[in-house]
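Chemist:
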Amino acid sequence: LLETHGYLASPTTSSVFRSRIWLPWFELTKPFYVADECFFGRARDLRLLCNFDESYSLLWDIGCGVTHIRRFIHPFRSQTDLFEPFLERFTDAGHFQTGRHERVAHLLHDDGFLTVLAAYYIVLATNFRVGSPDGAITFRDWSSGVQQPALGSMAEAFEPQRAFGGGGHFFAHGEPWLHAVLSGELTGPLAQRFAEACDRVLRSGLTLDFPRSTLQTPVELESRVA
583 LLETHGYLAS
593 PTTSSVFRSR
603 IWLPWFELTK
613 PFYVADECFF
623 GRARDLRLLC
633 NFDESYSLLW
643 DIGCGVTHIR
653 RFIHPFRSQT
663 DLFEPFLERF
673 TDAGHFQTGR
683 HERVAHLLHD
693 DGFLTVLAAY
703 YIVLATNFRV
713 GSPDGAITFR
723 DWSSGVQQPA
733 LGSMAEAFEP
743 QRAFGGGGHF
753 FAHGEPWLHA
763 VLSGELTGPL
773 AQRFAEACDR
783 VLRSGLTLDF
793 PRSTLQTPVE
803 LESRVA
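The opening residue of the sequence shown carries number 583 in the working numbering; numbering runs sequentially from there.
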């Protein structure tokens with residue numbers, strides 16, 4: 583993470599962080615449900631993720647992933663009000679419930695939810711780095727780095743057979759799908775509606791800045807040193 587030149591470079595647009603923060607995975611269907619078993623960044627930036635605000639438990643029923651979400655969403659609520667509908671209406675994504683996939687389908691048909699999802703993905707791509715090569719992290723089964731949504735139809739990323747374990751999580755351990763969906767490279771009606779949601783988010787003033795370097799593997803680093 584340190585030796586890959588420019589990997590954690592700060593966004594050229596406005597950001598709450600001084601540098602990007604690395605994390606190994608994000609969940610596709612629930613905003614700011616991202617990895618907290620390990621993450622990496624500047625101390626000044628990480629202090630912004632120390633959040634003791636009780637409202638996330640008292641005002642909203644966030645449910646699955648609440649400890650992740652209250653940590654990572656908090657700095658961005660001062661940057662935009664786009665995440666308030668998530669807290670008020672969309673926190674139930676059906677994780678660990680028998681109707682998980684029906685709930686996901688219902689959410690994806692709601693343009694309001696797609697706007698929240700677009701804002702979440704834009705914040706991820708602009709302020710974070712996501713990368714967990716297979717085998718790099720062995721904290722839990724879901725940390726293996728093998729769960730990657732395929733490029734192609736956007737809807738395929740949310741099909742039941744892609745879900746992990748009993749909770750029905752949809753993980754991504756890297757950035758290719760994230761950058762593809764935000765660049766309009768995915769296909770299908772859902773991708774078209776998502777592109778319209780991205781336009782709404784960007785018109786609101788939230789900015790998108792893709793990183794310009796990719797995480798080097800240990801083999802690549804050793805080769806460079808040699």
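Backbone N, C-alpha and C define an ideal beta-carbon position, used for all residues, glycine too.
Assign A754 to one of three DSSP states: helix, strand, or coil.
Modeler: Residue state, collapsed to three classes: strand.
Chemist: Pop quiz: L605 and F695 are said to be a contact at Cβ under 8 Å. What is the actual Cβ separation, rounded to whole angstroms?
Modeler: About 23 Å separates the two Cβ atoms, so there is no contact after all.
Chemist: Buried or exposed: R629, going by 16 or more other Cβ atoms within 10 Å of its Cβ?
Modeler: Label assigned to R629: exposed.
Chemist: Which residue wins for smallest C-alpha separation from L664, given the options E738, Y702, S725 and R722?
Modeler: That would be Y702, whose Cα lies nearest to the Cα of L664.
Chemist: Could you work out which residue in L764, G645 and P793 is closest to L699 when comparing CA atoms only?
Modeler: Checked all of L764, G645 and P793; the closest Cα to L699 is L764.
Chemist: Below 8 Å on the Cβ atoms is my guess for L610 versus A739; work out the distance and round it to an integer in Å.
Modeler: Rounded, the Cβ-Cβ distance is 6 Å, consistent with contact.
Chemist: Hey, how far is the Cα of L733 from the Cα of A773?
Modeler: So the two alpha carbons sit approximately 11 Å from each other.
Chemist: Nearest by alpha-carbon distance to G811: which of C632, Q679, C620 and E741 is it?
Modeler: The chain is shown from 583 up to 808; residue 811 falls before or after that span and cannot be answered.
Chemist: Nearest to R744 by CA position, among H587, A718 and Q730, is which residue?
Modeler: That would be Q730, whose Cα lies nearest to the Cα of R744.
Chemist: Please report the Cβ distance between F752 and W724, rounded to the nearest whole angstrom; I am assuming they are in contact, meaning their Cβ atoms lie under 8 Å.
Modeler: At roughly 11 Å, the Cβ-Cβ gap does not stay under 8 Å, so F752 and W724 are not in contact.
Chemist: Can you find a C-beta in chain B that's less than 7 Å from the C-beta of G756?
Modeler: Included in the structure is just one protein chain, with no chain B present.
Chemist: Just to confirm before moving on: does the CB-CB distance between L618 and R600 stay below 7 Å?
Modeler: Correcting the residue type first, residue 618 is Asp in the shown sequence and not Leu. No, the pair does not count as a contact, with Cβ atoms beyond the cut-off.
Chemist: Got a sec, what are the start and stop residues for the alpha helix (DSSP H) R685 sits in?
Modeler: Segment R682 to L690, the alpha helix (DSSP H) holding R685.
Chemist: DSSP state of L790, grouped into three classes?
Modeler: Three-state result, L790: coil.
Chemist: Select from R624, E670 and T662 the residue whose C-alpha is nearest the C-alpha of G645.
Modeler: Per the Cα distances, E670.
Chemist: Counting along the chain, where does the beta strand (DSSP E) carrying L605 start and finish?
Modeler: First-last of the beta strand (DSSP E) with L605: I603 to L605.
Chemist: Is any non-hydrogen atom of the ligand SAM found closer than 6 Å to the C-beta of S660, if you look at the structure I gave you?
Modeler: Because no ligand of any kind appears in the structure shown, any question about the ligand SAM cannot be addressed here.
Chemist: Would F608 pass as a contact of A777 if the rule is Cβ separation under 7 Å?
Modeler: No, they are not a contact pair.
Chemist: Find out if the Cβ-Cβ distance for the pair R652, Y638 is shorter than 7 Å.
Modeler: Yes. Within cutoff.
Chemist: Can you name, in chain order, every residue of its own chain whose Cβ lies under 6 Å from the Cβ of G713, other than the five neighbours on each side?
Modeler: Hits under 6 Å: G756 and L797.
Chemist: Just the C-alpha distance for D693 and C780, rounded to the nearest angstrom, thanks.
Modeler: Going from the Cα of D693 to the Cα of C780 covers about 11 Å.
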